[in-house]
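> Quick one: the structure is below, and I'll ask about it shortly.
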Ligand SMILES: [Zn+2]
């Protein structure tokens, strides 16, 4: 989601605050403190908490990094929505391996995205 160009021609980014990952709507918080709640040793840029239905993103990185992190956490949400008991290492490996290629695929293939979403 982004706003139209401003007078200066620079697009202002509007970060989404919720994301629907069937069958749940997740809140998205751009908060380092929220990330640290789930990764207190500070080694993560995002978190995905099924209990509170919250995805958290470290806001201190670039917008590009925030986008990649959000997609990564959405993939966690998708897996946890379908199998809340999945083994965490297997989940992380699956999510980490898909995030970059999937985001690149979505960016590089707008016609495919339009087809997939029926627009
Ligand atoms: Zn992860």
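Numbering (this note's numbering), first residue to last: -9 to 109. Backbone N, C-alpha and C define an ideal beta-carbon position, used for all residues, glycine too.
1. To test your reading of the DSSP string, which unbroken alpha helix (DSSP H) runs of 4 or more residues are found completely within the stretch 41 to 98?
2. Let's see if you can read the secondary structure: which residues bound the alpha helix (DSSP H) around residue 25?
3. Rounded to the nearest angstrom, how far is the Cβ of residue 9 from that of residue 64, given a contact under 8 Å?
4. May I ask whether a heavy atom of ligand 1 can be found less than 7 Å away from the beta carbon of residue 82?
5. Quick one: grab the DSSP three-state call for residue 103.
6. Residues in its own chain within less than 8 Å of residue 43 by CB, not counting five upstream and five downstream?
7. Helix, strand or coil for residue 37, going by three-state DSSP, please let me know.
For this structure:
1. You should have 53 to 72 and 78 to 98.
2. As a first step, residue 25 must be located in the chain shown, where it is residue number 35. Residue 25: member of the alpha helix (DSSP H) spanning 22 to 28, first to last residue.
3. Counting from 1 along the chain shown, the entry for residue 9 is found at position 19. Counting from 1 along the chain shown, the entry for residue 64 is found at position 74. In this structure residue 9 is in contact with residue 64, their Cβ atoms being roughly 6 Å apart against a cut-off of 8 Å.
4. As a first step, residue 82 is located in the chain shown; it is residue number 92 there, counting from the start. In this structure, the C-beta of residue 82 approaches ligand 1 to less than 7 Å from one of its heavy atoms.
5. Taking the chain shown and counting its residues from 1, the one referred to as residue 103 is at position 113. Residue 103: helix per DSSP, three-state reduction.
6. Position 53 of the chain shown, counted from the start, is the residue given in the question as residue 43. In chain order, 14, 15, 16 and 17 place their CB closer than 8 Å to the CB of residue 43, counting only its own chain and leaving out the 5 sequence neighbours on each side.
7. Residue mapping note: residue 37 aligns to position 47 of the chain shown, counting from 1. In the three-state DSSP reduction, residue 37 falls in the strand class (E or B).
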